[in-house]
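Residue numbers (the UniProt record's numbering): 1 to 319. Input: a single structure, listed below in structure tokens.
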């Protein structure tokens, strides 16, 4: 047991060391210390909060830090591309104005000037149209132009009783004061939504699984679309968890009856990120439910990720 005098000495030493550390901190060097105790307490509380946030960042898993770095780099690259495309559009607009001004300044006959002006304008309009088309294709990547009857916002939903279990990732936890207390994963209906940012997918364990979808309305299915992110935007640098071979079935009698085989396909991860497949078999009647059966993935040993799945067809009132 320490004597009272030694306790006082040690307490004084620790207090002195703490105050010296505070004085050496750049933030405290630039801060005017108020005289009132309440204001001083507020400053110390703010400093403590900053220390806590710094410690929380230090406790962040290395994998999460790397993921944040890659996502930041991807966003930065996309932003650069957008700026370049905006500059190209501005250049084309300026060129269009200059060409029109040049045409009008020549002393040609009226009919010749009008013809030349139309030709020049048409050519530049075509260039502009091509550029706009390229921008839309690059940043929206969606030229399907067909109604999606598996869209959640339109009324479609996932029937969990007919769907595989989600993949449980022990590293994916919610934290409170640095303590993990709850595992979480993306729900299956993520594949019925247009948000396809990296990581926003439904994962199931292994390479084989299924999901049962109740469509927004009864249709005669004619095609399906599978969508996945590209390797360029994947935080891991690969898309081995993407689905490869899959089958589609129509379900009779309120999503609980006999299965009707509609086709088997392969999603090629080396091609475009959005791929549409025409169904091989036509349904004999309108269907309200469709089952997606994943038969294999592109090599990931633990799980398969689905980003978006769409169902196209003819509504029952049009047949």
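Using N, Cα and C, we set each Cβ at its ideal position, and we do this for glycine too. Remember, it's a predicted structure, so these values are computed and weren't measured experimentally.
Is there at least one non-hydrogen atom of the ligand COA closer than 6 angstroms to the beta-carbon of residue 227?
As presented, the structure is devoid of all ligands, the ligand COA included, so that no description of it is given.
With distances taken from CA atoms, which of 296, 299, 196 is nearest residue 234?
196
Alpha-carbon spacing of residue 308 relative to residue 276, whole angstroms: 12 angstroms
inquiry  = With the cut-off set at 7 angstroms, would you say residue 255 and residue 191 are in Cβ contact?
reply    = no
Check: Going by the CB atoms, is the gap between residue 155 and residue 223 shorter than 7 angstroms?
Finding: no
What is the C-beta distance between residue 161 and residue 186, in whole angstroms, given that I count them as a contact (C-beta under 8 angstroms)?
-> No, residue 161 and residue 186 are not in contact; Cβ-Cβ is about 19 angstroms, not under 8 angstroms.
Among 310, 218, 228, 212, whose alpha-carbon lies nearest the alpha-carbon of residue 317?
With distances taken between Cα atoms, residue 317 lies closest to 218.
Exercise for the section: Give me whichever residues DSSP pairs with residue 271 in a beta bridge. Expected result: Bridge partners of residue 271: none, in fact.
Rounded straight-line distance, which links the Cα of residue 91 to that of residue 173
Note that residue 173 has pLDDT 48, beneath the 50 cutoff, so the model's placement of it is unreliable and the number below is only indicative. The straight-line gap from Cα to Cα measures roughly 49 angstroms.
Buried versus exposed, by CB contacts within 10 Å (16 or more), residue 261 | The residue is exposed, with fewer than 16 neighbouring Cβ atoms inside 10 Å.
What residue ranges within the stretch 171 to 244 form continuous beta strand (DSSP E) runs of no fewer than 3 residues, ordered along the chain?
173 to 176, 179 to 183, 202 to 205, 209 to 227
> Where do the N-terminal and C-terminal ends of the beta strand (DSSP E) with residue 303 fall, by residue?
Replying inline: 303 to 306
- Message: By the DSSP assignment, the beta strand (DSSP E) with residue 260 in it spans what residues?
- Response: 259 to 266
Q: Ignore the nearest five residues each way along the sequence and tell me which others in residue 293's own chain have a CB closer than 7 angstroms to its CB.
A: 210, 246, 247, 249
**Reduced DSSP secondary structure (H/G/I, E/B, other) of residue 160** = helix
For residue 213 and residue 206, the rounded distance between their alpha carbons = Taking the straight line from one Cα to the other gives about 20 angstroms.
Exercise for review: Could you name the residues of the same chain whose beta carbon sits closer than 7 angstroms to that of residue 201, not counting the 5 residues immediately before and after it, in chain order?
Suggested key: 186, 190, 305, 306, 307
Bounding residues of the beta strand (DSSP E) (the contiguous stretch that carries residue 294): Taken as a continuous stretch (DSSP letters only), the beta strand (DSSP E) holding residue 294 covers 287 to 294.
- Answer with buried or exposed for residue 270, where buried requires no fewer than 16 other C-beta atoms within 10 angstroms of its C-beta. exposed
(Q) Am I right that residue 220 and residue 283 are in contact with their C-beta atoms under 8 angstroms? What's the rounded C-beta distance? (A) About 5 angstroms separates the two Cβ atoms, so the contact holds.
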